[in-house]
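Asker: Read top to bottom, the protein sequences are chains A and B. For the first sequence, position 95 (counting from the first letter as 1) is numbered 94 according to numbering that gives the first Met the number 0, and the numbering increases by one without interruption. For the second sequence, position 194 (counting from the first letter as 1) is numbered 193 according to numbering that gives the first Met the number 0, and the numbering increases by one without interruption.
There are 2 protein chains.
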Amino acid sequence: MKPLSVFIFEDNALLRESIGSLILAKPEMKLLGAFENVHTVKDQVSKYNPDLILMDIDMPGRSGIEAVKEIRQSNIQTPIIMLTVFDDNTHVLDAIRAGASGYLLKKHLSTKLYDSIEEVLAGGAPMSPSVARMVIASMHQKPQLENTYQLTSREKEILTSLSKGNSYKLIAAQFEISIDTVRTHIKKIYEKLHVHSQTEAVSKAINERLV
Amino acid sequence: MKPLSVFIFEDNALLRESIGSLILAKPEMKLLGAFENVHTVKDQVSKYNPDLILMDIDMPGRSGIEAVKEIRQSNIQTPIIMLTVFDDNTHVLDAIRAGASGYLLKKHLSTKLYDSIEEVLAGGAPMSPSVARMVIASMHQKPQLENTYQLTSREKEILTSLSKGNSYKLIAAQFEISIDTVRTHIKKIYEKLHVHSQTEAVSKAINERLV
DNA sequence: GAGATTATCACATCATCATGTAATACTATA
DNA sequence: TATAGTATTACATGATGATGTGATAATCTC
Chain A
0 MKPLSVFIFE DNALLRESIG SLILAKPEMK LLGAFENVHT VKDQVSKYNP
50 DLILMDIDMP GRSGIEAVKE IRQSNIQTPI IMLTVFDDNT HVLDAIRAGA
100 SGYLLKKHLS TKLYDSIEEV LAGGAPMSPS VARMVIASMH QKPQLENTYQ
150 LTSREKEILT SLSKGNSYKL IAAQFEISID TVRTHIKKIY EKLHVHSQTE
200 AVSKAINERL V
Chain B
0 MKPLSVFIFE DNALLRESIG SLILAKPEMK LLGAFENVHT VKDQVSKYNP
50 DLILMDIDMP GRSGIEAVKE IRQSNIQTPI IMLTVFDDNT HVLDAIRAGA
100 SGYLLKKHLS TKLYDSIEEV LAGGAPMSPS VARMVIASMH QKPQLENTYQ
150 LTSREKEILT SLSKGNSYKL IAAQFEISID TVRTHIKKIY EKLHVHSQTE
200 AVSKAINERL V
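1. Would you please verify whether the beta carbon of Gln140 (chain A) is less than 8 Å from any beta carbon of chain B?
2. Using a Cβ cut-off of 8 Å, pull out every chain B residue sitting near Ala121 (chain A), in sequence order please.
3. Mapping DSSP to helix, strand and coil, what is Ser62 (chain A)?
4. Throw me the rounded Cβ distance for the Gly101 (chain A) and Val119 (chain A) pair, which I believe falls under 8 Å.
5. Buried or exposed, going by whether 16 or more other CB atoms sit within 10 Å of the CB of Glu27 (chain A)?
6. With a cut-off of 8 Å, do at least 3 Cβ pairs link the stretch 108 to 124 of chain A to the stretch 173 to 191 of chain B?
7. Using the Cα positions of Arg153 (chain A) and Ile205 (chain A), report the straight-line distance between them to the nearest angstrom.
8. Quick one: is Leu112 (chain A) near chain B, going by C-beta distance under 8 Å?
9. Compare the C-beta of Arg208 (chain A) with all C-beta atoms of chain B and state if any pair is closer than 8 Å.
10. Assuming the contact rule is C-beta atoms closer than 8 Å, His139 (chain B) and Arg15 (chain A) should be a hit. Round their C-beta distance to whole Å, please.
11. Looking at the unbroken alpha helix (DSSP H) that takes in Gly19 (chain A), where does it start and where does it end?
12. If contact means a Cβ-Cβ distance below 9 Å, which residues of the stretch 192 to 205 of chain B contact chain A?
13. On the three-state DSSP scale, how would you describe Thr110 (chain B)?
14. Which residues in chain B have a C-beta closer than 9 Å to the C-beta of Leu82 (chain A)? List them in chain order.
15. I'd like the list of long-range same chain contacts for Asn165 (chain B), defined as Cβ closer than 8 Å, with 5 residues on each side in sequence excluded.
16. Any Cβ of chain A within less than 8 Å of the Cβ of Ile135 (chain B)?
17. Counting Cβ pairs closer than 8 Å, one from the stretch 66 to 75 of chain B and one from the stretch 32 to 42 of chain B, do we hit at least three?
18. Where Glu65 (chain A) and Met126 (chain A) are concerned, what is the direct C-alpha to C-alpha distance, given to the nearest angstrom?
19. Please classify Gln76 (chain A) as buried or exposed, where buried requires at least 16 other C-beta atoms within 10 Å of its C-beta.
20. To the nearest angstrom, how far is the alpha carbon of Val134 (chain A) from that of Asp93 (chain A)?
21. At the 8 Å Cβ level, is Lys186 (chain B) part of the contact set with chain A, yes or no?
22. Measure the alpha-carbon distance for Met81 (chain B) versus Asp55 (chain B) and round it to whole angstroms.
23. Lys29 (chain B) CB to nearest chain A CB: under 8 Å?
24. CB Pro197 (chain B) to CB Leu158 (chain B), shorter than 8 Å?
25. Which term fits Met0 (chain B), buried or exposed, when burial requires 16 or more other beta carbons within 10 angstroms of its beta carbon?
26. Could you check whether the Cβ of Thr159 (chain B) sits closer than 7 Å to any heavy atom belonging to the ligand MN?
27. Give a yes or no on whether 8 Å exceeds the smallest Cβ distance from Ile157 (chain B) to chain A.
28. Run through chain B and tell me which residues come within less than 7 Å of Leu161 (chain A), C-beta to C-beta.
29. Considering only C-alpha positions, which residue in the set B:Glu117, B:Asn36, B:Ile185 and B:Asp87 is nearest to Asp50 (chain B)?
30. Does DSSP put Thr89 (chain B) in a helix, in a strand, or in coil?
31. Apart from the five residues on each side of it in sequence, which residues of its chain come closer than 6 Å, Cβ to Cβ, to Pro78 (chain A)?
32. For Lys106 (chain B), tell me which candidate among B:Gly123, B:Lys191, B:Ala121 and B:Asp86 has the shortest Cα-Cα distance.
33. Going by C-alpha distance, which of B:Leu209, B:Ile18, B:Thr89 and B:Leu192 is nearest Leu108 (chain B)?
34. Please report the distance separating the alpha-carbon of Val5 (chain A) from that of Ala121 (chain A).
35. Start and end of the beta strand (DSSP E) containing Leu169 (chain A)?
36. Whose C-alpha, out of A:Leu13, A:Val210 and A:Lys25, is nearest the C-alpha of Leu3 (chain A)?
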């Protein structure tokens with residue numbers, strides 16, 4: 000069986016070396032490349048097509064997060080494990096959003112690198128409990144303050160339609176009411192939302208998930 | 000030290016019993032209540048204030064997900080571990096969004112219940128690798144097709160301002176250009192976005208994260 | 001240096017929107 | 001039954017927006 004080819008992006012030379020050693024120590028893996036920056040990450044990855052990428056999250060110049068974005072933008076699905084010193088790093092969530100597959104604390108490299116790689120290859124997403132918590136917390140929708148603006152169901156319908164870009168005329172046709180009725184409803188919506196134009200209303204509606 | 004008080008919501012009587020036994024087997028935990036449905040979950044939880052809730056995700060009538068929403072809506076932060084049979088259950092993500100703290104496969108109950116409880120109490124978020132992957136995948140933003148609509152930077156600025164609800168007049172003032180220039184830019188934006196009104200443009204801009 | 005792109009301004013016209021005022025009718029609920 | 005809230009329609013007016021046409025100037029590229 001072909002050995003698993005690995006790319007490393009890490010600006011610290013010492014650390015780069017030691018990660019390289021960990022990879023080389025396993026006969027079933029092979030170090031395809033180790034780089035100190037991500038300036039040409041897209042070309043490197045698409046040319047050599049590694050099976051796995053280890054990416055430092057904090058690098059001077061273009062960060063690992065930018066690199067992940069670029070890789071995913073090129074529609075390359077290679078698993079990427081982020082490496083970071085602190086797990087309360089606010090960038091961790093950004094990295095995940097950008098398309099990282101999991102991540103590993105540098106202090107756990109020697110003990111957990113192999114486990115993490117295995118987990119990623121098995122379709123999992125390795126991460127520490129505290130990061131898992133951050134991820135989960137970021138997904139929690141803030142409990143809707145049950146109809147904050149006291150919109151009636153009719154008003155909600157109309158606001159929804161408005162938010163799709165429909166004109167008064169279209170809304171009137173859609174709900175089979177007169178255009179003057181639409182006006183009246185929208186007047187009330189503006190009052191309740193404290194806005195004075197369609198655009199403000201739609202912006203507020205979408206951003207606050209009222210529709 | 001006071002024992003950890005636990006609530007169980009599980010419609011299957013047998014399973015409810017056996018989870019109860021697992022709790023009772025540990026002297027540091029205490030079974031505060033075990034219920035077969037969540038009809039009065041809010042009252043029960045706010046009255047007895049358990050330290051931890053184990054919640055079946057699929058229950059007839061009101062589901063565990065609804066229950067979680069209701070609990071979080073009451074601003075109760077009690078950790079909730081979801082119990083489920085399948086980890087490819089599409090409801091798992093909904094449960095997490097609703098405010099669950101972690102979750103456990105029923106087949107792993109006997110082996111991992113204690114670990115999961117510990118992890119939750121330590122501020123972690125227990126979940127199987129495959130669910131972690133689902134969670135991570137749901138956070139991945141689909142890679143922006145690099146400026147899909149070919150908006151110039153000026154047009155982006157103006158679209159952004161427009162999306163905040165600013166009128167032509169305000170935008171002109173903001174960028175210190177004439178209102179006719181604003182018109183021209185917005186005309187081009189409409190062409191590029193294939194829309195014909197402010198509202199459509201704003202809706203598209205927000206929903207496709209152009210701003 | 002010709003051509004393309006971008007940013008700018010102007011004018012005109014019709015459509016659409018924002019807002020005020022007013023009225024009717026149908027719930028609910030006190 | 002009286003009152004409050006909701007849904008409906010109407011009319012009027014000034015403001016704002018949508019769209020077409022045309023023009024100038026700066027910058028970049030071939």
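Cβ atoms here follow ideal geometry from the backbone N, Cα and C, with glycine treated the same way.
Answerer: Taking the structure as given:
1. By 1-based counting over the first sequence, the position of residue 140 (chain A) is 141. Closer than 8 Å to some Cβ of chain B, the Cβ of Gln140 (chain A) qualifies, so yes.
2. As a first step, residue 121 (chain A) must be located in the first sequence, where it is residue number 122. Going along chain B in sequence order, the residues near Ala121 (chain A) (Cβ under 8 Å) are Pro128.
3. For the purposes of this step, residue 62 (chain A) is taken as residue 63 along the first sequence, with counting starting at 1. Coil at Ser62 (chain A), not helix or strand.
4. Position 102 of the first sequence, counted from the first residue, corresponds to residue 101 (chain A). Position 120 of the first sequence, counted from the first residue, corresponds to residue 119 (chain A). Between Val119 (chain A) and Gly101 (chain A) the Cβ distance is about 5 Å, and since that is below 8 Å, they are a contact.
5. Taking the first sequence and counting its residues from 1, the one referred to as residue 27 (chain A) is at position 28. Burial call: exposed.
6. no
7. The residue you call residue 153 (chain A) lines up with position 154 of the first sequence. The residue you call residue 205 (chain A) lines up with position 206 of the first sequence. So the two alpha carbons sit approximately 17 Å from each other.
8. Along the first sequence, one-based indexing puts residue 112 (chain A) at 113. So no, Leu112 (chain A) is outside the interface.
9. As a working mapping, residue 208 (chain A) is identified with position 209 in the first sequence. So no, Arg208 (chain A) is outside the interface.
10. Locating residue 139 (chain B) in the second sequence gives position 140, counting from the first residue. Locating residue 15 (chain A) in the first sequence gives position 16, counting from the first residue. Contact flag wrong, Cβ pair sits at about 27 Å.
11. By 1-based counting over the first sequence, the position of residue 19 (chain A) is 20. Gly19 (chain A) -> alpha helix (DSSP H) spans Ala12 to Leu23.
12. Val194, His195, Ser196, Gln197, Thr198, Glu199, Ala200, Val201, Ser202, Lys203 and Ile205
13. For this step, residue 110 (chain B) is matched to residue 111 along the second sequence. Helix at Thr110 (chain B).
14. Stepping through the first sequence from its first residue, residue 82 (chain A) is reached at position 83. Under the 9 Å cutoff, chain B gives no residues; its nearest Cβ is about 16 Å from Leu82 (chain A).
15. Taking the first residue of the second sequence as 1, we reach residue 165 (chain B) at position 166. Contacts found: Gln173.
16. Along the second sequence, one-based indexing puts residue 135 (chain B) at 136. By this cut-off, Ile135 (chain B) is an interface position.
17. yes
18. Along the first sequence, read from residue 1 onward, the residue named residue 65 (chain A) stands at position 66. Along the first sequence, read from residue 1 onward, the residue named residue 126 (chain A) stands at position 127. Rounded to the nearest angstrom, the two C-alpha atoms are 20 Å apart.
19. For the purposes of this step, residue 76 (chain A) is taken as the residue at position 77 of the first sequence. Looking at its Cβ environment, which holds fewer than 16 other Cβ atoms inside 10 Å, Gln76 (chain A) is exposed.
20. Residue 134 (chain A) sits at position 135 when you count from the first residue of the first sequence. Residue 93 (chain A) sits at position 94 when you count from the first residue of the first sequence. Approximately 10 Å between the Cα atoms of the pair.
21. Numbered from its first residue, the second sequence carries residue 186 (chain B) at position 187. With 8 Å as the cut-off, Lys186 (chain B) does not count as an interface residue toward chain A.
22. Locating residue 81 (chain B) in the second sequence gives position 82, where the first residue counts as 1. Locating residue 55 (chain B) in the second sequence gives position 56, where the first residue counts as 1. Cα to Cα, the separation comes out at about 6 Å.
23. Taking the first residue of the second sequence as position 1, residue 29 (chain B) is located at position 30. Not closer than 8 Å to any Cβ of chain A, the Cβ of Lys29 (chain B) fails to qualify, so no.
24. Counting from one through the second sequence, the residue named residue 197 (chain B) turns up at place 198. Counting from one through the second sequence, the residue named residue 158 (chain B) turns up at place 159. Before going on, a small fix: residue 197 (chain B) reads as Gln here, not Pro. No, the pair does not count as a contact, with Cβ atoms beyond the cut-off.
25. Here residue 0 (chain B) is taken as the residue at index 1 of the second sequence, counted from 1. By the neighbour-count rule (16 or more Cβ atoms within 10 Å), Met0 (chain B) is not buried but exposed.
26. Judged by which ligands are present, the structure shown has none, so any question about the ligand MN falls away.
27. As a working mapping, residue 157 (chain B) is identified with position 158 in the second sequence. No, because no Cβ of chain A sits closer than 8 Å to the Cβ of Ile157 (chain B).
28. Residue mapping note: residue 161 (chain A) aligns to position 162 of the first sequence, counting from 1. Residues of chain B passing the Cβ test: Thr198.
29. The residue you call residue 50 (chain B) lines up with position 51 of the second sequence. Checked all of B:Glu117, B:Asn36, B:Ile185 and B:Asp87; the closest Cα to Asp50 (chain B) is B:Glu117.
30. The sequence position of residue 89 (chain B) within the second sequence is 90, counting from 1. The answer is coil: DSSP assigns Thr89 (chain B) none of H, G, I, E or B.
31. As a position in the first sequence, residue 78 (chain A) is number 79, starting the count at 1. Excluding positions up to five away in sequence, the list reads Leu51, Ser100 and Val119.
32. Here residue 106 (chain B) refers to the residue found at position 107 when the second sequence is read from its first residue. When each option's Cα is compared against that of Lys106 (chain B), the closest is B:Asp86.
33. Within the second sequence, the letter at position 109 stands for residue 108 (chain B). The shortest Cα separation from Leu108 (chain B) among B:Leu209, B:Ile18, B:Thr89 and B:Leu192 belongs to B:Ile18.
34. Within the first sequence, the letter at position 6 stands for residue 5 (chain A). Within the first sequence, the letter at position 122 stands for residue 121 (chain A). Approximately 16 Å, taken between the alpha carbons.
35. Start at 1 with the first residue of the first sequence, and residue 169 (chain A) comes out as number 170. Taken as a continuous stretch (DSSP letters only), Leu169 (chain A) belongs to no beta strand (DSSP E), being part of the alpha helix (DSSP H) at Tyr167 to Phe174.
36. Here the question's residue 3 (chain A) lines up with position 4 in the first sequence. The shortest C-alpha separation from Leu3 (chain A) is found at A:Lys25.
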